[in-house]
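Residue numbers (our numbering): -7 to 256.
Backbone N, C-alpha and C fix where the C-beta goes; we use that ideal spot for every residue, glycine too.
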Ligand SMILES: C[S@@+](CC[C@H](N)C(=O)[O-])C[C@H]1O[C@@H](n2cnc3c(N)ncnc32)[C@H](O)[C@@H]1O
């Protein structure tokens, strides 16, 4: 319920398109989707938000099913589907229980949201195991996470009154902030160190085939990036795509994306 309440205040629909610096995450993600998602494949988008990637994949002729815990997001996606007269199956559904879906039934599963909203390792593992169960052997699962090393600067840039030793300790030592904490600046959030999330996925017997910083340095340098011309932004994107897999960039990125394969 906390998550549903928090997202009432958040404009998820425009999050990735409102500024150039935010577009970096979107462009980097679709650049990665293009490598693994092909016409005719069956995709489950878990934690789809208002479906920015579901809609992209539908445009590329995939068979898309989109689920999210927040009814506001699914309702808005349903409106867009109706306006565009396209066919995407949607459902309000918790990533912790995908029992509506059969074992081994999707070529691709996107899990780009739930892991950074689940506060403990047990729930995170359950979500990962459900994604593994529904994807076909050799199928692809993509997981997004938020790095602890970008969060503190982002939080205090938004409001300098948030600065406190307690906030530093929560983010860096505990890796999580609960909705009802006095230090909460968004909602229930868990922050994964890039090497920690790799270990969790490997422990779940997934093969890691790609790991990239989806926004990299773009949020830190947003004031410069947001004033770029189209030509300058093209150069920034070329630079970002060249460096976004470098280990020293991963932790400094706000979002990370890991592409995994279910072993046979
Ligand atoms: C920041 S949005 C990301 C949306 C989209 N996947 C993207 O990458 O832009 C995170 C989404 O994950 C959803 N979410 C979080 N926990 C979830 C859960 N346990 N089950 C299903 N959806 C969940 C939220 O409701 C929200 O729509």
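- Taking a C-beta distance under 8 Å as the contact criterion, residue 133 and residue 216 do not qualify as a contact pair.
- Straight across, the Cα-Cα distance linking residue 112 with residue 189 is about 13 Å.
- Contact annotation: the segment -3 to 9 touches the segment 59 to 66, with at least three C-beta pairs closer than 8 Å.
- The set of residues with a C-beta under 5 Å from any non-hydrogen atom of ligand 1 comprises 39, 41, 60, 61, 62, 65, 86, 87, 104, 105, 106, 109, given in chain order.
- Residue 40 places its beta carbon 8 Å or farther from that of residue 100.
- Between the alpha carbons of residue 219 and residue 42 lies a distance of about 27 Å.
- With respect to residue 247, residue 136 sits close: the two C-beta atoms are nearer than 8 Å.
- Annotated three-state conformation of residue 185 is coil, per DSSP.
- By the neighbour-count definition (other C-beta atoms within 10 Å, threshold 16), residue 223 is an exposed residue.
- The Cβ atoms of residue 126 and residue 98 sit closer than 8 Å to each other.
- Residue environment analysis places residue 150 among the exposed positions, since fewer than 16 neighbouring C-beta atoms fall within 10 angstroms of its C-beta.
- With distances taken between CA atoms, residue 55 lies nearest to 82 out of 82, 13, 67, 75.
- Collapsing the DSSP output to three states places residue 168 in a strand.
- Ranking 185, 254, 176, 78 by CA distance to the CA of residue 239 puts 185 first.
- Distance from the CA of residue 128 to the CA of residue 138, rounded to the nearest whole angstrom, comes to 26 Å.
- Within the same chain, Cβ atoms closer than 8 Å to the Cβ of residue 242 are found at 139, 186, 203, 204, 205, 248, the five residues on either side in sequence being excluded.
- Annotation: the segment 77 to 131 contains the following complete segments of the beta strand (DSSP E) (minimum length 3 residues), in chain order: 81 to 84, 98 to 103.
- The shortest C-alpha to C-alpha distance from residue 19 to any of 256, 230, 172 is the one to 230.
- Boundaries of the beta strand (DSSP E) around residue 248: 247 to 254.
- The beta carbon of residue 8 is closer than 7 Å to those of 14, 15, 17, 18, 44 in its chain, skipping five residues each way along the sequence.
- Checking the DSSP bridge columns, you'll see residue 58 partnered with 37, 82.
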